[in-house]
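First the structure, in the form of structure tokens, and then the observations on it.
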Ligand code: ADP
Ligand code: MG
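In the numbering used here, the protein residues as written are 18 to 711.
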């Protein structure tokens with residue numbers, strides 16, 4: 018069904034060019050768009066509340082007589098009006114008022130007001146309530162349904178939106194448009210089969226007896242019916258993207274796997290079962306003549322690098338180039354070291370690119386890449402920013418990039434296209450995402466989990482210590498280092514400024530170096546030159562440094578097996594994902610490892626939950642689950658800016674039980690009702706589906 022089937026908003030009463038333009042700003046063009054512009058919350062004006070029973074934070078209607086009214090001068094001039102209803106008094110406070118308002122609000126006058134209750138010094142207050150003077154002969158009227166509140170834009174009032182949605186609902190009743198139902202059958206949700214029209218009517222204008230508690234928490238069956246369809250639209254849109262991608266061309270990579278076997282033979286350890294399984298899947302993906310796009314998720318330390326290397330070797334053995342992109346300098350340098358160690362003996366030639374190379378060095382590298390002399394290329398995102406030409410790129414690995422939305426994924430895919438051929442892509446992340454969320458957020462890509470850690474890893478014991486006992490921590494570190502252990506000391510700062518964070522690390526470094534005789538202290542932070550950083554990291558790896566003071570630059574990927582103690586200062590400032598990443602820098606060797614979270618009390622409720630979670634578990638998936646509950650999926654996936662998962666009514670966490678049914682419907686619609694797919698997507702995702710055309 019095309020958009021034109023629905024009347025334009027301009028056919029509605031009260032919509033001229035000006036209002037139409039404002040509606041457009043919030044993506045409303047048609048009657049259907051209005052129907053799917055759902056309330057973000059509700060006000061209850063269906064009941065009159067006794068003043069004596071009001072609680073702070075409620076929005077409610079109160080009716081009473083004015084017992085007192087005066088203009089006072091405190092810090093500023095204001096009108097105070099005290100209203101009494103027999104059960105108590107509520108104070109109305111106006112900062113802006115004119116003379117006639119002041120005269121009208123005089124003692125003895127009966128008024129009806131609506132506003133949010135605040136706790137004042139002398140009882141409940143309303144600041145600038147909506148109000149109406151009542152006349153004795155008038156019956157007191159209340160609304161006959163809960164009042165919906167819509168998201169809006171400047172110049173477009175709630176009242177206008179309410180009138181327009183009312184007209185749209187009327188249009189539905191008059192036309193009884195059956196095409197609004199796009200599903201093969203109404204889904205059964207919470208024991209009810211609800212049609213879309215029924216759900217829309219209810220959600221826009223809930224009757225007074227509606228379960229307001231369910232409504233305000235988004236758990237009402239009528240809301241869930243709509244949430245279901247929104248999740249379905251999301252799923253369909255990503256599935257479509259995936260189908261489109263499978264129509265693109267890529268080189269099928271089918272070598273014998275000799276290089277890979279040589280690597281495995283040379284490794285000083287055995288690959289885990291999970292690594293072998295995922296590598297097999299990657300090989301199978303590579304053998305297709307359409308581009309692979311696979312997300313490999315594996316907890317910190319699960320050995321993702323080798324999975325990536327295995328893929329690179331297949332591409333290289335088939336005569337193509339492979340590239341590995343890391344989010345930070347330090348991590349890219351570490352990959353370079355691993356690649357040199359493992360791949361150079363196999364005859365693989367490497368090239369390296371980062372933003373910090375000199376122009377002549379970078380040009381030298383670019384020449385190696387363009388001529389095809391280099392088979393494996395490692396670097397930061399400089400790889401995609403400096404007009405690098407590849408000879409024949411067939412495989413791209415993006416490491417530790419959970420902060421990618423659909424748009425970035427698409428953009429990167431575009432970069433590597435050559436003669437219509439798309440490179441295969443592997444994205445690796447240590448941010449564990451619960452399965453239901455992954456299925457929804459990443460439905461356009463394939464997804465594997467490395468669900469096993471290399472043998473012999475010991476759980477890291479974690480303790481939390483308040484700042485005032487920092488000295489004990491310093492002594493503990495000194496003792497550990499004198500006994501041959503290595504440790505990290507991570508400094509954090511609230512300010513976003515990298516400069517300040519580096520400054521803090523420098524200060525700590527200076528103090529600890531002076532205090533800890535006989536302990537070799539090193540420093541690494543984001544403002545150091547690539548070479549300096551690299552030198553420090555190498556000294557740490559070579560045990561020439563015992564204690565490494567660092568900023569959170571070491572957060573991802575840094576891998577020094579002998580380090581077994583991690584101190585995180587001001588741990589309360591970091592999120593769970595970051596804490597888990599940082600802690601994952603220890604516990605990589607055979608040594609018992611521990612982590613000390615130094616915190617500055619008092620802790621907020623969330624900070625307390627984070628620190629407790631860290632103390633109680635090492636399991637990245639459990640940590641991610643808590644993280645999701647605290648922060649919500651938009652933040653966790655880092656896709657907030659891209660609009661992905663900006664859902665209107667659904668909430669991935671709250672509604673995750675709907676996902677299996679969503680997937681069932683998505684499959685059925687794609688197979689049996691393909692002509693309805695676009696209509697479902699369009700009405701929920703509207704213009705934001707344009708990325709689907711890439
Ligand atoms: P991550 O998944 O966090 O990126 P890495 O790939 O950096 O993990 O691997 C972490 C460490 O474990 C590295 O030192 C790596 O050499 C080592 N490693 C990887 N696989 C195995 C294995 N199967 N057995 C033992 N050690 C392994
Ligand atoms: Mg890694």
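The C-beta atom is built at its ideal place from N, Cα and C for all residues, glycine as well. If you're wondering where the values come from, they're calculated on a predicted model, not measured in any experiment.
Exercise for review: Check the C-beta distance from residue 277 over to residue 330 and give it rounded, since I have them as a contact under 8 Å.
Suggested key: Indeed they touch by this definition, with Cβ atoms about 5 Å apart.
Practice item. Please say whether residue 484 and residue 616 have beta carbons closer to each other than 8 Å? Key: At a Cβ-Cβ threshold of 8 Å, residue 616 and residue 484 count as neighbours.
Review point. With a cut-off of 8 Å, do at least 3 Cβ pairs link the stretch 589–607 to the stretch 308–315?
Key: Result no; under three Cβ-Cβ pairs closer than 8 Å.
Practice item. Would you tell me roughly how many angstroms separate the C-alpha atoms of residue 657 and residue 442, rounded to the nearest one? Key: Any reading at residue 657 must be qualified, since the residue scores a pLDDT of 41, below 50, and its modelled position is unreliable; no value is offered.
Point to revise | Residues sharing a beta bridge with residue 506, DSSP | key: 566, 584
Review point. Between the stretch 392–403 and the stretch 338–350, do three or more beta carbon pairs fall short of 8 Å?
Key: yes
Review point. Going by the C-beta, is residue 257 closer than 7 Å to any heavy atom of the ligand MG?
Key: no
Check your understanding: For the alpha helix (DSSP H) that residue 442 lies in, which residues bound it at each end?
Key -> No alpha helix (DSSP H) holds residue 442; the beta strand (DSSP E) holding it covers 441–446.
Practice item. Would you grab the beta carbon distance between residue 328 and residue 414 for me? Rounded to a whole angstrom, and I think it's under 8 Å. Key: Contact holds; Cβ gap of about 7 Å.
Review point. Can you give the Cα-Cα distance for residue 530 and residue 536, rounded to whole angstroms?
Key: 8 Å
Exercise for review: Confirm, please, whether the CB-CB distance from residue 100 to residue 81 is below 8 Å.
Suggested key: yes
Point to revise | Spatial neighbours of residue 25 in its chain, beta-carbon cut-off 7 Å, leaving aside the 5 residues before and after | key: 46, 47
Exercise for review: Measuring only between beta-carbons, confirm whether residue 168 sits less than 8 Å from chain D.
Suggested key: Here there is only one protein chain, and chain D is not present.
Check your understanding: Do you know how far the Cα of residue 260 is from the Cα of residue 202?
Key -> When only Cα atoms are considered, residue 202 and residue 260 end up about 24 Å apart.
**Study point:** Among 623, 32, 638, 227, nearest to residue 448 - alpha-carbon criterion
**Key:** 638
Exercise for review: Reducing DSSP to helix, strand and coil, say where residue 533 ends up.
Suggested key: coil
Exercise for review: Give a single yes or no on whether residue 417 has its beta carbon closer than 7 Å to a heavy atom of the ligand MG.
Suggested key: yes
Check your understanding: If we count the other Cβ atoms within 10 Å of its Cβ and call it buried at 16 or more, is residue 228 buried or exposed?
Key -> exposed
Point to revise | residue 61, buried or exposed, once every other Cβ within 10 Å from all chains shown has been counted against 16 | key: By the 10 Å Cβ count, residue 61 comes out buried.
Review point. Which residue's Cα is closest to the Cα of residue 412: 384, 300, 499?
Key: 300
Review point. How is residue 324 classed by DSSP in three states: helix, strand or coil?
Key: Under the three-state reduction of DSSP, residue 324 is assigned to helix.
Exercise for review: Ignore the nearest five residues each way along the sequence and tell me which others in residue 105's own chain have a CB closer than 6 Å to its CB.
Suggested key: The residues are 68, 69.
Check your understanding: Are residue 640 and residue 626 close, meaning C-beta to C-beta below 8 Å?
Key -> no
Check your understanding: Considering only residues of the same chain and omitting the five flanking positions on each side of residue 256, which have a CB-CB separation below 8 Å?
Key -> Contacts found: 460, 461, 683, 687.
Check your understanding: In terms of DSSP beta bridges, what is residue 96 paired with?
Key -> 88, 111
Practice item. Would you mind sorting residue 283 into buried or exposed? The rule is 16 or more other CB atoms within 10 Å of its CB. Key: exposed
Review point. Is there at least one non-hydrogen atom of the ligand MG closer than 7 Å to the beta-carbon of residue 321?
Key: At least one heavy atom of the ligand MG is nearer than 7 Å to the Cβ of residue 321, so yes.
Review point. Which residue from 575, 454, 262, 320 puts its Cα closest to that of residue 305?
Key: 262
Exercise for review: Could you tell me the distance, in whole angstroms, from the CA atom of residue 8 to the CA atom of residue 490?
Suggested key: Look at the range of the chain in this structure, 18 to 711, and you will see that residue 8 is not part of it.
Check your understanding: CB-CB under 7 Å to residue 437, same chain, minus the five flanking residues each way: which ones, in chain order?
Key -> Around residue 437: 266.
Exercise for review: Quick one: give me the first and last residue of the alpha helix (DSSP H) that residue 116 is part of.
Suggested key: 116–121
**Study point:** Spatial neighbours of residue 477 in its chain, beta-carbon cut-off 7 Å, leaving aside the 5 residues before and after
**Key:** 600, 603, 604, 610, 611, 612, 635
Practice item. Quick one: using the 10 Å Cβ neighbour count with 16 as the cut-off for buried, is residue 93 buried or exposed? Key: exposed
**Study point:** Inter-residue Cα distance where the pair is residue 163 and residue 223
**Key:** 6 Å
Review point. With 16 as the cutoff for other CB atoms within 10 Å, does residue 28 come out buried or exposed?
Key: Exposure of residue 28 is indicated by the presence of fewer than 16 other C-beta atoms within 10 angstroms of its C-beta.
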